[in-house]
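In the numbering used here, the protein residues as written are 178 to 477.
What follows is the structure in structure tokens.
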């Protein structure tokens, strides 16, 4: 009799675990679909938004709250609550939501249950989880908080549960990736380049640790490789993102160089940023010669 009771108890526990696992997967799939539908310009109706409150798995609550913020206009993603790095479990759930969103966009998507099982059963690079989190966060800021203006924001990076220069560097480079996109068109599409509009947009960049963005210098962290572009192999993180950041600095320099009245600001930019540090020039794909010329002109 005791043996039968033990078997029944184990069966009940197994069924409960299986049921909870199914609930978790189903909720993650719903979140992935929801994120896919509303991450850009579409806004969820109040009724659709309310459906997220019916998701069943309590441990997903931080993930749900984050996804809610990424899909609503005038969200709170610049609040410290969301800027702080979540725990590893939540980071992985948010990573899964993003992967489901990408998967269902494919012409021949894999089964989402299988996708979730593979990710939960694998050891995803922790830097990839951090990169994914801040990519979604800054995408949510850029997509949903229009017009772009972070001039009143001061990112106090030491307050965000980031444990070393690598994690802080990921945060900074993801933030600057968004900022850089706001001026790219003025410098590359407008003919001639619209320096005035680009400078106006640069004035709306945030501060980091109470300093202008360009004074953040802690980028000499060890490089690592992760998958950045979906259809390509893993690549050097610093080669990809520091190249983008250097482009932003160069665009800023070119705008200031257009008029003599900006000479002092131009020197502040060059001497106060990584533009004066030759070790970073190898990461620039398009402006290495410009950087080397600048380096020679500012040596002292």
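Where is the CB? At the ideal position from N, CA and C, for every residue including glycine.
This structure is a prediction, so every number in the text was calculated from the model and none was measured.
Proximity below 9 Å, CB of residue i to CB of residue j
i           : j           : result
residue 437 : residue 350 : no
residue 288 : residue 234 : no
residue 322 : residue 275 : no
residue 356 : residue 327 : yes
residue 461 : residue 423 : yes
residue 385 : residue 304 : no
residue 319 : residue 378 : no
residue 317 : residue 254 : yes
residue 393 : residue 431 : no
residue 456 : residue 397 : yes
residue 364 : residue 418 : no
residue 257 : residue 336 : yes
Own chain partners of residue i with C-beta closer than 6 Å, once the 5 adjacent residues on each side are dropped
i           : result
residue 395 : 342
residue 338 : 261 and 262
residue 439 : 433
residue 296 : 273
Inter-residue spacing [alpha-carbon to alpha-carbon] between residue i and residue j
i           : j           : result
residue 293 : residue 301 : 12 Å
residue 374 : residue 464 : 22 Å
residue 401 : residue 453 : 24 Å
residue 477 : residue 434 : Note that residue 477 scores a pLDDT of 47, beneath 50, so its modelled location is shaky; the value from the coordinates is reported in the next line. Going from the Cα of residue 477 to the Cα of residue 434 covers about 20 Å.
residue 360 : residue 458 : 21 Å
residue 415 : residue 354 : 12 Å
residue 391 : residue 224 : 43 Å
residue 362 : residue 370 : 8 Å
residue 466 : residue 447 : 15 Å
residue 299 : residue 211 : 24 Å
residue 315 : residue 352 : 6 Å
residue 190 : residue 380 : Only weak support is given to the placement of residue 190: the predicted model assigns it a pLDDT of 40, under 50, and the value that follows is read from those uncertain coordinates. The straight-line gap from Cα to Cα measures roughly 59 Å.
residue 207 : residue 218 : 19 Å
residue 232 : residue 408 : 32 Å
Same chain, Cβ closer than 7 Å to residue i, five either side skipped, listed in chain order
i           : result
residue 267 : 239 and 240
residue 187 : Reliability fails at residue 187, whose pLDDT of 45 lies under 50, so the model's placement of it is uncertain and the value that follows must be treated cautiously. Same-chain partners within the cutoff: there are none.
residue 205 : 270, 273, 274, 277 and 293
residue 471 : 447 and 452
residue 537 : Because the chain spans 178 through 477 in this model, residue 537 falls outside it and cannot be assessed.
residue 313 : 247, 271 and 275
residue 348 : 311, 334, 337 and 339
Among the options, the one whose alpha carbon lies nearest that of residue i
i           : options               : result
residue 451 : 389, 285 and 202      : 389
residue 248 : 258, 209 and 285      : 209
residue 264 : 285, 237, 225 and 256 : 237
residue 324 : 221, 382, 468 and 455 : 382
residue 229 : 217, 448, 245 and 419 : 245
residue 535 : 296, 366, 207 and 306 : Residue 535 is absent from the model: the chain starts at 178 and stops at 477.
residue 387 : 296, 252, 334 and 404 : 334
residue 279 : 214, 227 and 221      : 214
residue 221 : 366, 413, 297 and 250 : 250
Cutoff 9 Å: residue i Cβ touching any chain D Cβ
i           : result
residue 276 : The structure shown has no chain D; it contains just one protein chain.
Close beta carbons around residue i, own chain, < 8 Å, minus the five adjacent residues each side
i           : result
residue 340 : none
residue 426 : 391, 446, 450, 451 and 452
* Every unbroken beta strand (DSSP E) within the stretch 204–258, with a cutoff of 3 residues, ordered by chain -> Counting only runs of at least 3 residues, the stretch 204–258 fully encloses no beta strand (DSSP E) element at all.
* **Those runs of the alpha helix (DSSP H) which lie wholly inside the stretch 426–463 and span at least 4 residues** => Counting only runs of at least 4 residues, the stretch 426–463 fully encloses the following alpha helix (DSSP H) elements, listed from N- to C-terminal order: 440–449.
* Secondary structure, alpha helix (DSSP H): runs of 4+ residues fully inside the stretch 333–378 -> 342–365
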